[in-house]
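Chains as they are written, first to last, in this note's numbering: chain A, 1 to 493; chain B, 494 to 826.
Okay, structure first, notes after.
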Amino acid sequence: MWSRRQGRLRPTVCGVEELRRRRREREAALRKARREQQLVSKRLLRDDAPEEAGEGCVAAILGETEVQQFLRQAQQGTEEKEREGALVSLRRGLQHPETQQTFIRLEGSMRTLVGLLTSNQALLQLEAARCLHELSHSEQSTVAEACLPATSYLLTYLSGHSSDFIELCLYTLGNLIVESEAVRRQLLPQGIVPALAACIQSPHVAVLEALGYALSQLLQAEEAPEKIIPSILASTLPQHMLQMLQPGPKLNPGVAVEFAWCLHYIICSQVSNPLLIGHGALSTLGLLLLDLAGAVQKTEDAGLELLACPVLRCLSNLLTEAAVETVGGQMQLRDERVVAALFILLQFFFQKQPSLLPEGLWLLNNLTANSPSFCTSLLSLDLIEPLLQLLPVSNVVSVMVLTVLCNIAEKGPAYCQRLWPGPLLPALLHTLAFSDTEVVGQSLELLHLLFLYQPEAVQVFLQQSGLQALERHQEEAQLQDRVYALQQTALQG
Amino acid sequence: MQLPPALCARLAAGPGAAEPLPVERDPAAGAAPFHFVARPVRFPREHQFFEDGDVQRHLYLQDVIMQVADVPEKPRVPAFACQVAGCCQVFDALDDYEHHYHTLHGNVCSFCKRAFPSGHLLDAHILEWHDSLFQILSERQDMYQCLVEGCTEKFKTSRDRKDHMVRMHLYPADFRFDKPKKSRSPASAEAPGDSGERSEGEAMEICSEPVAASPAPAEYPLPSALVRVPLEDLKATRRKPNNADRLRKGVGGSHHCWAWHPPWAFLRPSGVAALGARPSPSSPSLSLSKWHQQLSSEAVRDPQILETTWTHYWEGDVDGLSPPAGPTLRMYF
């Protein structure tokens, strides 16, 4: 995936600073969109930056006559090169929103384009598909909806054999899917799910990546949990998706990223997760996690977090299913290598992508909450100290670290004995100095468990000015009762 | 964040689960004011927890989409021609050739040389256009399969199937890969905008155009069950008894191509209705059309008529005018 994409990267004329600035802007725009639940909006897919003159030619806006002329030349020209050239010129023009509007307002234009798309002239077909792809990018829903007459053909071509063409059709479909519910309302009865289920058997990596993209867009739709996900779960798509995620020599990172995100959208919609567990999702994802941890150690390659993130999410959410117990799913994930792998990934996130630490810790919580075995692993593999090293990162991370520690401590004296003496108490005294109520609250819970199961810790706590640390919070409404209770325990103990 | 050195070794070693330490909970643990309970946490789709990861995902997608829109520079090679017999296209890029091959030579009907975008559509075409057994069976049961991948509905006629595809699957009414068999127009690539053709869904129809020298064999591919000769020989075979000429002589220079209708046209009630109900301008004598009607009503009862009717023509027993009496027909089988 990465090498292919890099091959296609246009040479950039911007400096590094400029790139960073633009990336920050894009990130801010995406964050805002996510909060407004508009993240699937296609306008965010196309970078709004002005066109870099990479190819050395600037596309001009085409007027009505020119569009008509190109269409006529493409349809009726005598020389094939001439016809192809006309479509190339049209495509360049269609990069401009004004040309797109002109095009859709012209009577019969889409009809002609669809005719060229379905003609027997292969190269005309390809250029017509590229024009359609340009149109599908439009931020205006009128333009994208004008592409609706082509969708039945795009779907038909998915069962063809020309991989570049199929790839283009898939990206076009993906863009159209994102656009509006009207488009999806047409694509579903037109059989997009069976078409994708047939196409997913293609051996071409580029096709699979494009398919994963289109599918992920379909799954992100607002109406997906009710209208789309059930038919996807009823098809053979889930089995194929899991196959693409199996570690081994055939695993392609770009393809795996797409299908991992698809799985995430399905799983977090909670439509029928036991079905996925039945297909072996837990086992596959667990093995993939191990594989990722191995890869992270070997290579400096950026981008592995793109795959790690959805895998962590899928595992975490799946572990909350009751079916995990009954189907023996928990057995599939009793392997303590999962914990080792997770910590290797946490270290990787700590260095490269700290914003993903909460997601890793979420999985750790779900692994340890009801599992004495995993709690024991954390102790026997000496992972408490590394865990504590994450405390200063952020308040969210602190709360989650403390929660995991509570998961261990609440299992009783045998566990608390291994938590103390050690770095835990000093760390707790440190977190008690935080101002965040949630962090302090969780610290108090942990202290309570520690005092209960390991009473010797109380003395050390007092010696290290624990009471003063507690006093800071005795006025805080959410903390008072617990602070008081702990003060009593400490003084009596 | 420092990891213990033994951790990587643990990862590389085999699977295994730690023997859990004994669990022993004290009820005081969960006593008020403390409320911690160990529990797995679930986050739904839109939860804010996912914000950071989602933003990273979309930043990545933006880069991908930008790059997909780029048309890659095609590596050029010395010009070469397509090797398929009869194709004279020349290429200077392998990707172009690959696409050409798949489009034009990939799923091609060996009977009529039409190209289809997928094996699925090709199979449906061969079945419906070139298989006599299909024609026979379709009289008795619904045989026209919906063309949408994954839909298992079947229909009595291609018209019904088209209606289903339009209504249920929101397909366009002029979907290019569901054209009904045409009687006269040349077998060229479907030109854009040719939806102005006549009836859809009817297998064969009367055409009132002048008969050309002889219809291109591609238009009347004989059912394989009937004539087991290669397509090339079919041309010769067809020309020998020139029934068209005979008919023309018999009915005073009419331009009909009835003689050239594959006999199964008569088996189809709707097709026959077309014959009977829509006589062409220079229609023959009434007796001929009546004979056709009679023939069809006999034919519907027994599919054997298929072979017999054709034989009937070949032996030149038809003088083109007077219909044989009903019982005579039965002599043939």
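Every residue gets a Cβ at the ideal spot worked out from N, C-alpha and C, and that includes glycine.
Since the model is a prediction, treat every value here as computed from it, not as a measurement.
Hey, could you find the ends of the beta strand (DSSP E) residue 585 of chain B is sitting in?
Here residue 585 of chain B is taken as the residue at index 92 of the second sequence, counted from 1. Start and end: 583-586.
With 8 angstroms set as the bound, which would you pick, yes or no: does the beta-carbon of residue 546 of chain A sit closer than that to a beta-carbon of chain B?
Summary: the structure shown does not reach residue 546 of chain A, with chain A confined to residues 1 through 493, and so no result is reported for it.
Euclidean distance between Cα positions of residue 260 of chain A and residue 558 of chain B
Against the first sequence, residue 260 of chain A aligns to sequence position 260. Against the second sequence, residue 558 of chain B aligns to sequence position 65. Cα to Cα, residue 260 of chain A sits roughly 18 angstroms from residue 558 of chain B.
Rounding to the nearest angstrom, what Cα-Cα distance links residue 474 of chain A and residue 484 of chain A in this structure?
Position 474 of the first sequence holds residue 474 of chain A. Position 484 of the first sequence holds residue 484 of chain A. Residue 474 of chain A and residue 484 of chain A: Cα-Cα distance of roughly 7 angstroms.
Please list, in chain order, the residues of the stretch 121-138 of chain A that have any C-beta partner in chain B closer than 9 angstroms.
Answer set for the stretch 121-138 of chain A: 121, 122, 123, 125, 126, 130, 133, 134, 137.
Among the residues of its own chain, which have a CB less than 6 angstroms from the CB of residue 545 of chain B, if the five just before and after it don't count?
In the second sequence, the residue the question calls residue 545 of chain B occupies position 52. For residue 545 of chain B, where only same-chain residues beyond five positions count, there are no Cβ hits under 6 angstroms.
Is the beta carbon of residue 129 of chain A closer than 8 angstroms to that of residue 138 of chain A?
In the first sequence, counting from the first residue as 1, residue 138 of chain A sits at position 138. In the first sequence, counting from the first residue as 1, residue 129 of chain A sits at position 129. No, the Cβ-Cβ distance between residue 138 of chain A and residue 129 of chain A is not below 8 angstroms.
In chain A, which residues lie with their C-beta within 8 angstroms of the C-beta of residue 665 of chain B?
Taking the second sequence and counting its residues from 1, the one referred to as residue 665 of chain B is at position 172. 149, 152, listed in chain order.
Measure the CB-CB distance between residue 293 of chain A and residue 344 of chain A and report whether it falls below 8 angstroms.
Residue mapping note: residue 293 of chain A aligns to position 293 of the first sequence, counting from 1. Residue mapping note: residue 344 of chain A aligns to position 344 of the first sequence, counting from 1. Cβ atoms of residue 293 of chain A and residue 344 of chain A: closer than 8 angstroms.
Alpha carbon of residue 452 of chain A to alpha carbon of residue 399 of chain A, nearest angstrom
Translated into positions along the first sequence, residue 452 of chain A becomes position 452. Translated into positions along the first sequence, residue 399 of chain A becomes position 399. C-alpha separation (whole angstroms): 21 angstroms.
Closest residue to residue 518 of chain B among A:464, A:412, A:227 (Cα-Cα distance)
The count along the second sequence starts at 1 and reaches residue 518 of chain B at position 25. Nearest option by C-alpha distance: A:412.
In chain B, what lies closer than 7 angstroms to residue 293 of chain A by C-beta?
Against the first sequence, residue 293 of chain A aligns to sequence position 293. Within chain B, the residues near residue 293 of chain A are 504.
My understanding is that residue 403 of chain A touches residue 353 of chain A, with C-beta atoms under 8 angstroms, so please give their C-beta distance in whole angstroms.
For the purposes of this step, residue 403 of chain A is taken as residue 403 along the first sequence, with counting starting at 1. For the purposes of this step, residue 353 of chain A is taken as residue 353 along the first sequence, with counting starting at 1. In fact, because the Cβ distance is near 21 angstroms, the residues do not count as touching under 8 angstroms.
For the stretch 124-193 of chain A, which segments carrying the alpha helix (DSSP H) assignment without a break, of at least 4 residues, lie completely within its bounds, in sequence order?
141-146, 151-157, 163-179, 181-187
Which partner residues of residue 569 of chain B appear in the DSSP bridge assignment?
As a working note, residue 569 of chain B is residue 76 in the second sequence. DSSP output for residue 569 of chain B lists B:586 as bridge partner(s).
Flag residue 390 of chain A as yes if its beta-carbon sits less than 8 angstroms from any beta-carbon of chain B, otherwise no.
Here residue 390 of chain A corresponds to residue number 390 of the first sequence, with the count starting at 1. It does: the Cβ of residue 390 of chain A has a partner Cβ on chain B nearer than 8 angstroms.
In whole angstroms, what is the alpha-carbon distance linking residue 654 of chain B and residue 90 of chain A?
By one-based count along the second sequence, residue 654 of chain B stands at place 161. By one-based count along the first sequence, residue 90 of chain A stands at place 90. Answer to the nearest angstrom: the Cα atoms are 36 angstroms apart.
Rounded to a whole number of angstroms, what is the C-alpha to C-alpha distance between residue 656 of chain B and residue 671 of chain B?
The residue given as residue 656 of chain B occupies position 163 in the second sequence. The residue given as residue 671 of chain B occupies position 178 in the second sequence. Spanning the two alpha carbons is a distance of roughly 11 angstroms.
Residue 501 of chain A to residue 549 of chain B span [Cα, whole Å]:
Outside the shown range of chain A (1 to 493) lies residue 501 of chain A, about which nothing can therefore be said.
Determine the extent of the alpha helix (DSSP H) in which residue 530 of chain B is found, giving its start and end residues.
Position 37 of the second sequence, counted from the start, is the residue given in the question as residue 530 of chain B. Counting along the chain, residue 530 of chain B falls outside any alpha helix (DSSP H), and DSSP gives it neither H nor E.
Is residue 648 of chain B helix, strand or coil by DSSP?
Locating residue 648 of chain B in the second sequence gives position 155, where the first residue counts as 1. Reduced to three states, the DSSP call for residue 648 of chain B is strand.
Span separating the alpha-carbon of residue 586 of chain B from that of residue 210 of chain A:
Translated into the one-based positions of the second sequence, residue 586 of chain B becomes position 93. Translated into the one-based positions of the first sequence, residue 210 of chain A becomes position 210. Each residue's alpha carbon lies about 23 angstroms from the other.
Nearest-angstrom Cα distance between residue 421 of chain A and residue 253 of chain A?
The residue labelled residue 421 of chain A in the question sits at position 421 within the first sequence. The residue labelled residue 253 of chain A in the question sits at position 253 within the first sequence. The alpha-carbon atoms of residue 421 of chain A and residue 253 of chain A are separated by roughly 43 angstroms.
Separation of residue 109 of chain A from residue 68 of chain A, as counted between CA atoms
One-based indexing of the first sequence puts residue 68 of chain A at position 68. One-based indexing of the first sequence puts residue 109 of chain A at position 109. When rounded, the distance between both Cα atoms is 8 angstroms.
Starting from residue 608 of chain B, follow its DSSP beta bridges and name the residues at the other end.
If you number the second sequence from 1, residue 608 of chain B lands on position 115. Partner(s): B:601.
Return no unless some Cβ of chain B is closer than 8 angstroms to the Cβ of residue 69 of chain A.
Working through the first sequence from its first residue, we reach residue 69 of chain A at position 69. No, because no Cβ of chain B sits closer than 8 angstroms to the Cβ of residue 69 of chain A.
Inter-residue Cα distance where the pair is residue 604 of chain B and residue 206 of chain A
For the purposes of this step, residue 604 of chain B is identified with residue 111 of the second sequence, where counting begins at 1. For the purposes of this step, residue 206 of chain A is identified with residue 206 of the first sequence, where counting begins at 1. For residue 604 of chain B and residue 206 of chain A, the distance between alpha carbons rounds to 34 angstroms.
So what does DSSP say about residue 270 of chain A, is it helix, strand or coil?
As a position in the first sequence, residue 270 of chain A is number 270, starting the count at 1. Here residue 270 of chain A sits in coil by DSSP.
Alpha carbon to alpha carbon, how far is residue 602 of chain B from residue 612 of chain B? Give it in angstroms, no decimals.
Residue numbering aside, residue 612 of chain B sits at position 119 when the second sequence is read from its first letter. Residue numbering aside, residue 602 of chain B sits at position 109 when the second sequence is read from its first letter. Cα to Cα, the separation comes out at about 10 angstroms.
DSSP beta-bridge partners of residue 638 of chain B
Mapped onto the second sequence, residue 638 of chain B falls at position 145. Within the DSSP secondary-structure output, residue 638 of chain B pairs in a beta bridge with B:647.
Just to confirm, are residue 240 of chain A and residue 313 of chain A a CB contact at a threshold of 8 angstroms?
Looking up residue 240 of chain A in the first sequence gives position 240. Looking up residue 313 of chain A in the first sequence gives position 313. Contact flag unset, no.
Can you check which of these residues, B:642, B:664, B:667, is closest to residue 158 of chain A by C-alpha distance?
Working through the first sequence from its first residue, we reach residue 158 of chain A at position 158. That would be B:642, whose Cα lies nearest to the Cα of residue 158 of chain A.
Less than 6 angstroms between C-beta atoms, sequence neighbours within five positions excluded: which residues of the same chain meet that for residue 317 of chain A?
Locating residue 317 of chain A in the first sequence gives position 317, counting from the first residue. Answer for residue 317 of chain A: 267, 268, listed in chain order.
C-beta contact flag for residue 414 of chain A and residue 514 of chain B at 8 angstroms
Taking the first sequence and counting its residues from 1, the one referred to as residue 414 of chain A is at position 414. Taking the second sequence and counting its residues from 1, the one referred to as residue 514 of chain B is at position 21. Yes, these two residues count as a Cβ contact at 8 angstroms.
Between residue 159 of chain A and chain B, is any beta-carbon pair separated by less than 8 angstroms?
Here residue 159 of chain A refers to the residue found at position 159 when the first sequence is read from its first residue. Output row for residue 159 of chain A: interface = yes.
Can you tell me whether residue 427 of chain A is helix, strand or coil according to DSSP?
Working through the first sequence from its first residue, we reach residue 427 of chain A at position 427. Helix, per DSSP.
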